[in-house]
Amino acid sequence: MKVSRRGFLGTAVGALGTGVLAGCSEKLPRYLVPYATPPDDAVPGLARHYRTVCRECPASCGATARVRDGRAVKLEGNPDFPVGRGALCPRGQAAIEGLYAPGRIGTPRAGAREIDWAAAEKLFAAGLQRALDDKKLVVVVTRPETGQLGKLFGTWLEALGQAPTQVVTFDAMDRPWLRQGQERAFGAALTAVPDLASAKLILSIGDDFVEEGSPVERARAFADQRAAGGKSIYVGPRLSLTAAAADQWISVEPGTESLFVLGLLRQVVDRAGARAGLEAATLENLQHRLAPFDVAAVAARSRVDPKKLQDVASALLSARPSLCLGPGRAVAGADAAALAETVQVLNAVLGNVGQTLRFLPAAPTAPSMELAELTRKAGAGDVGAVVLHHADPAGYGPVYSAFAGALARVPFVATFVNELDDTARKAHLVLPDNHFLENWSDVRPRPGVVGIQQPVMEPVLGTRAAADELLAVARILGKTTGLPKETFGEALRQTFQPKEIEQGFRLEEVAAVVPRLSPSALAQLPSVVTFQGPEQGLPLVIVPTFRHLDGRQPRSALLQEIPDPLSGFSWTGWVEVNSATAAPLGLTSGDVVALEGPGGRCEVPAFVTNSVRAGMVAVPVGDATALLASKGFIGAGTRVTLRRTGARVERSKTDVGGAKGAEKLVRTVEGPAGALPPAVPLPSMYPPVEHPVHRWALSIDLDRCNGCGACTAACYVENNLAIVGADQVARGRSMSWLPVMADVDTSHGTPEVSYLPLGCQHCTAAPCESVCPTFATYHTPEGLNAQVYSRCIGTRYCENNCPYGVRRFNFYDWPRAPSERLGLNPDVTVRERGVTEKCTLCSQRIRTAEEQAKFDKRELHDGDVVSACAAACPTQAIVFGDLKDPTSAISRRAADGRAYKLLEELNTQPGVFYLARRRRGST
Amino acid sequence: MSEASLAQIEKDTVATMAGTTWRYWLALGSAVALVGLGAWAWSVALREGLGITGLNEPVMWGALITTFVFFIGVSHSGTLVSAILFFTRSPLRAAIGRSAEAMTVFTILTAGLYPIVHIGRSWLFFFVLPYPNQRQLWMNFRSPLTWDVFAITSYVTVSMLFLYMGMLPDLALLARQVQGWRRPLYRVLSLGFSGTDGEWRIFEKAYPIFAGVVIPLAVSVHSVVSWDFAMTLMPGWHSAVFAPYFVAGAIFSGIAVAVLLLAGLRRGYHLERYITPKHFDMLAKLLLAMSLVMTFVYATEFFMAFYRGSNAEMEVFRWRATGTYAPVFWGVVLSNSVAPIALFWSRVRNNLPALITISVLVTVGMWFERFLFIVTTIARSFVSQNWGNYIPTWKESFICLGGLGWFFMLFLVFIKLFPCMAISESMQSQHAVDAAVTPEASHA
Amino acid sequence: MPRLGWSARRTGLALALVAIALSVGAFEARSQSAAPPAAPPAEVPPGQPGPAGEVPFNHQVHAGQYKIPCLECHAYADKSPSAGLPSGRKCMGCHKFVGKDKPEVQILTKRFEDGTPLRWERVFAVPDFIYFSHRMHVRAKVECKECHGDVAAQKTVQQEKPFTMGQCLTCHEARNASRDCLVCHK
């Protein structure tokens, strides 16, 4: 297949220009351009799928790219790949946007000057040559590259006559303390593989595993665990997505989480240490170490009800096997490693090791250089050249200011990027790398799993693969010993079987190890985090968000546009302030406050809420306005002062979180086995509507939904939804077809958050259909509430009569950059100004699947059609299918006791139904 | 009715058409200016899209639809009043009937523009009309908007015929009276009506038919417009009281506007002799009555919301009275329910400035009343996570003002071209008509 | 009479001159139409298609005279929603041997050898909001000419039938195919 694709891509270029126009533009192309040489098996007009790996974050989920006429138009998961298992997070969905982003650069730059590749390579070689002549160091700074590219850096340096160890891995969101903690607890370098699904109780010490780490994988496992009746407790300062998905949220005095854990550990050891099967010495050591942490003392210091502490301990002891995770970024202070160690000890004593917590021998990592060392050497002027590979330290503000400063003293800095970042603006040479969807590479998310990243299309711009540029410059310098003769891609491809490339990965057997707790565990106890900064200031906690992680995609308009369901902010970061803390300051949600602390200063709107503990503030990372500042604080326990600036950021919706709402859309059942009272069919004066063949429908399990917004992002990409920008969103003109609403229930003390993806309900008795004067919207025989754009004159009557408020109106012809047009899905038209649009249940996918089935003379099977949202959902909360097919997954769901429809009393008979959220109450 | 000689009546009426004062030009000029402003704003909307309005998700209907409903409302009373007066053989009719009918026609013509301005793709508005086409496409008869199209078109047709029919004898009269370019115009328009007994007999037969048709039509049009809202399932709209409520509101605002127009005519053309304080007193009484009806309707709405026990509906009304638009709401109560109470006192009724002030209050109040019930419902419907607000933009309000200008422009041109009072009716008998059309009388 | 004669001669002369002029002009015109294009194929940047209309393709010859079936060149019409245009390679399949002396064929050959695609003027199109699948229509035994007209008779293809919703519906009705909006509207 490889060759055919090369041929295909090689000649697709000509077809691109017109294919694009034909695909998306309202104006049809004037010219048609056929291939010069057609590929053997590519048929224009039909989609092709390529397996690859998503590289938007180090988790490296498997991905499948849908390619139409030489253009990747949609990225979805790889169901066979162990990481992600077919789903993709919002960032992964936005990867396509990154591919066609107007901000991408296609030509190399020397400073601000655009130059051609030949000149760039000459410049590159010269820079390196000078460094070599001056006997200075050449250092590579790269984002995590766990595959052969990582190794290549070493060999390349060696070829240049440098030490292969001069490779610095730069990852602002790395959590080294977890590794260190394991090493301390078990005395060996290990990779932990937690098995959330089979844990009866999950205790997360501020570990937002639904947000960072390997979110898609974890979120799925966590949802399965919940579905299986497992419970979960989250200890942390803020109600993160993870905390919201958990059954119980315990917030302790910020910084004293370690005390809480130690107190817990002491309880566990006291009550069950003897039965934990530890060596006497180890146990004795533990008992001795934990002596000072009795319930009373801990409870007093960490301001938590002593009973709660004991309850958690009992819960842990009764629910075997359990799983303790953390500490996460939100609670990671100066000696997070010690805390991580304590958590691992807790796991060991509870006997989770080998049960829910499997360990693999850590992958042999190539010896490398620490950033600190590089900073020192560069500062001392020993470094002659630095080659950055998708690393943007300058973009991270204060934390890396030292390194950024040192970098300024390096005579030659070259950087491989997709878009100009802050570091690139200062670099001597900027080399535009291919997007990961245009590049060969491989990744090892964990030992035994190799993801193969293959290019799915020709580069959109004149970019080149970073690896090949390194090889090219090495050739120019005549130093090619040990380097591949052919391109990096060719070399890499030869190391895999065609079958492996086709499936997108290779699995290797790695024997798990069951480490024993080291007798000297807890040699150094974690101390209470002390927050530096002004005394009157409030402790600041920096938390990653599912949508932005650490903001490594700050320019992703799509991720900016999708509002945070809980705070309601889009296109801006925010600071979370507890209402009790906000009251004296006279703060209300939307007031812009100036945060000042050792980390720096930033102005962000306040989000006044009970989802963060009083007496502290939290800033979610990675958002355009708060980007520098918030990133600048990462990992540092600091205090900040809040000051009202008087400015305001208005949110378009006045009841975010549905607190004041009269109608509760989210329904809950008590306990794992709870069911809703059966709905009584309401009388109707109209004859019942028949669906002869199919009745397409969507079901959303509110117990599985964690509000990540992957469905929303997927919908944007699949259906060519317009991104309208901050101003228009603020005016309430967001075009999202499937916004995720939050529903905050405070009736049980601590706020309980449920998330509700609310798209068109595809009613059988749709209020919008009866009022449309032109039949632009009507009910199809297959149960869709269809919208015929070309018949719509924009009376917006339908939008007024939709009780769910899910219809959107095109107030303008929304602007799109030419490059963005390349990314549009040709199966979906671009809606003109003045027409109404809404969720179509991905009618284009249904059409395609039905046509294919008919063409192949076969029946349509369950699973042949999957809506974009259902395909994206990491937790499988969304299931799409045919209700007429009694065996389909959705029919099984419809029979579930938790199934209900929104605003049933209106008798709109929606085709979309929800499964009620399960309340387990507190442990 | 009047003590004026027939010749005098005729002379005065014709005077309104003859002499063109600088005041008239000023009025016409400002009306045209308003139209220009509105046209410009609309052209922007057509070029850029409805983004120039304050509309948003969830508030998809705003000032434009409000203005549409308002003008339909105003249109109401004209023809209705005139027809009722005709059947009650009220002496009032001769004086105010004509201008009331004209007002009706022009307000509908104005109102009819707004749905077209309001829709997203105005250039395709004909999709709502039934026309044969190869695409086998028809419009949706279940949609109240489709009913609107029919109701309004038939209403405007009948109102025009009613107006025209009533004018026939006068046109015939004028065709003999005036000189210059108008003469052939009137001759053509009068359709050769020469005032013979036979013609009069037919006229006397035909006219009541129109008058009879117009009354139920007027009621139905307003009910239909109300169904645009009542037929939805939105809290605060979905209510059986809407049809009568709209009709009442329509008459209410219609009377108020009629008062203003008549006062204007009277002042402008010194028709004190014909439009007497008695007329205003009667109108004021009608206004008062309608105001009481409206107050009752408001009360009913709130009671029904409470009585029905639908959370969403109660929320809507609670918010209407206490939320973002509370000032508007209480302002409306003040102007529509409280202020007219003063009309209980005859001193107020007979004090023209006071009456005019109240009429202005009512007119403005009714616009905001429409605005209020349209916006508060959709801004506050079932899904609270969708709740929002709406404030019209400048361009939007310009388009609304443009409509006002459009109406006045048409009206001013009308009174210049046609008799604003029914001359023939003012004259007691057929003989009088004959007399009037003889040359001698014309010299008077 | 002399005057007459004179005038007659003059007239005759004039007529003769006009006749000559005309014939020469006509000859000129004919010779021009027959003349090979002076300019060699325009240079285009690599990867970019050549200028439109540089190869005057003649359906009359291919589809009419030589009776080449439509699917021979529009090869995807029965496999894919889009019928596709013949690739340079497809053309060369015959023109490697056929009509090598023809200038347009020489342009074709050059383009193919440079690996640059040709650019064709678009004749048939449905709006962007319409989904039309060739393969399903071919499968339903709809003759190409039913929509595209008798291409075989046309030197350069012209659109005979308008591609309007009315046209589609009439046929769908006649063949009792689905008339659900979403079948075509996307």
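Protein chains in written order, with the numbering used here: chain P, 1 to 923; chain Z, 1001 to 1444; chain R, 2001 to 2186. All C-beta atoms in this analysis are idealised placements derived from N, C-alpha and C, irrespective of residue type, glycine included. These numbers were taken from a predicted model, which means no experiment stands behind them.
Per-residue DSSP class, three states only, for Z:Pro1184 = helix
query = What separation, rounded to the nearest whole angstrom, lies between the Cα atoms of R:Arg2175 and R:Thr2156?
reply = 30 Å
query = In the region 1100-1174 of chain Z, which residue ranges form an unbroken beta strand (DSSP E) of at least 3 residues, counting only runs that do not cross its ends?
reply = none
query = Within the 8 Å Cβ cut-off, does R:Val2151 reach chain P?
reply = no
key: Closest by C-alpha distance to P:Cys768, when choosing among Z:Thr1020, Z:Leu1080, Z:Leu1145   = Z:Leu1145
inquiry  = Just to make sure I have the definition right: I need the residues of chain R whose C-beta is within less than 9 Å of the C-beta of P:Thr780. Which are they?
reply    = Asp2180, Cys2181, Leu2182
message = Quick check: is the beta carbon of Z:Pro1340 nearer than 8 Å to any beta carbon in chain P?
response = no
query = What is the DSSP secondary structure of P:Asp224, reduced to helix, strand or coil?
reply = helix
key: Residue from Z:Ser1291, Z:Arg1047, Z:Ala1379, Z:Met1160 with nearest C-alpha to Z:Leu1109   = Z:Met1160
key: Three-state secondary structure (DSSP) of Z:Trp1200   = helix
request  = Compute the beta-carbon to beta-carbon distance between R:Cys2051 and R:Thr2116, rounded to the nearest angstrom, for a pair I have assumed lies under 8 Å.
outcome  = Sequence check: residue 2051 of chain R is Pro here, not Cys. R:Pro2051 to R:Thr2116, Cβ: 11 Å. No contact.
Per DSSP, cross-strand counterpart(s) of P:Pro620 = P:Val543
ask   = At a CB-CB cut-off below 7 Å, which residues of chain P make contact with R:His2185?
value = Val788, Ser790
ask   = Does DSSP put P:Gln497 in a helix, a strand or coil?
value = coil
ask   = Can you find a C-beta in chain P that's less than 8 Å from the C-beta of R:Lys2141?
value = no
key: Pair within 8 Å by beta-carbon distance, P:Gly277 and P:Leu286   = no
request  = With DSSP collapsed to three states, give me the class of P:Ala404.
outcome  = helix
ask   = If contact means a Cβ-Cβ distance below 7 Å, which residues of the region 1114-1129 of chain Z contact chain P?
value = Ile1119, Gly1120, Arg1121, Leu1124, Phe1125, Phe1127, Val1128
inquiry  = So for Z:Phe1382, helix, strand or coil by DSSP?
reply    = coil
ask   = What residues from chain R crowd round P:Gly45, counting only those whose CB sits closer than 7 Å?
value = Tyr2076, Ser2080, Pro2081, Ser2082
request  = Might you give, ordered along the chain, the residues of its own chain that have their beta carbon closer than 7 Å to the beta carbon of P:Leu883, omitting 5 neighbours on each side?
outcome  = Arg695, Ala697, Ile890, Ser891, Ala894
request  = Output, in chain order, the set of chain P residues within a Cβ distance shorter than 8 Å of Z:Asn1389.
outcome  = Thr654
message = Can you tell me where the beta strand (DSSP E) holding P:Leu360 begins and where it ends?
response = 357-361
ask   = Is P:His428 closer than 8 Å to P:Val141 when the C-beta atoms are compared?
value = no
query = If we call anything under 8 Å between Cβ atoms a contact, is P:Ile202 one with P:Gln180?
reply = no
message = Helix, strand or coil for P:Arg444? Go by DSSP, reduced to three states.
response = strand
Residue range of the beta strand (DSSP E) that includes P:Glu596 = 591-597
key: Under the three-state DSSP convention, the category P:Arg48 falls into   = strand
query = Looking at the unbroken beta strand (DSSP E) that takes in Z:Asn1056, where does it start and where does it end?
reply = No beta strand (DSSP E) holds Z:Asn1056; DSSP gives it neither H nor E.
query = So, using beta-carbon positions, are P:Lys136 and P:Asp382 closer together than 8 Å?
reply = yes
ask   = Under three-state DSSP, which class holds R:Ser2031?
value = With a pLDDT of 39 at R:Ser2031, under the threshold of 50, the predicted position of this residue should be treated as unreliable, and no value is reported.
ask   = Under the three-state reduction of DSSP, which class applies to Z:Trp1406: helix, strand or coil?
value = helix
inquiry  = Determine, for R:Arg2175, whether the minimum Cβ-Cβ distance to residues of chain Z falls below 8 Å.
reply    = no
ask   = Starting from P:Asn285 and walking both ways along the alpha helix (DSSP H), at which residues does that stretch end?
value = 280-290
message = On the criterion of 16 or more Cβ atoms from any shown chain inside 10 Å, does R:Lys2096 qualify as buried, or is it exposed?
response = exposed
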